[in-house]
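Residue numbers (the numbering used here): 3 to 43.
Here it is, written out as structure tokens:
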């Protein structure tokens, strides 16, 4: 998860207004939160 987040953040630096990258970042962060809370669905 951390590697995916880092790659997305690097891509956002190159393309700061890319809505697809923003959505991917939100999904990765949401997934991480669910795993921490014990919800993996």
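Glycine included, each C-beta is placed from N, C-alpha and C at the ideal position.
Pairwise C-alpha distance: residue j and residue i
{"i": "residue 26", "j": "residue 20", "result": "10 Å"}
{"i": "residue 33", "j": "residue 3", "result": "9 Å"}
{"i": "residue 12", "j": "residue 31", "result": "15 Å"}
{"i": "residue 29", "j": "residue 6", "result": "11 Å"}
Contact under 8 Å by Cβ, residue i with residue j
{"i": "residue 17", "j": "residue 23", "result": "yes"}
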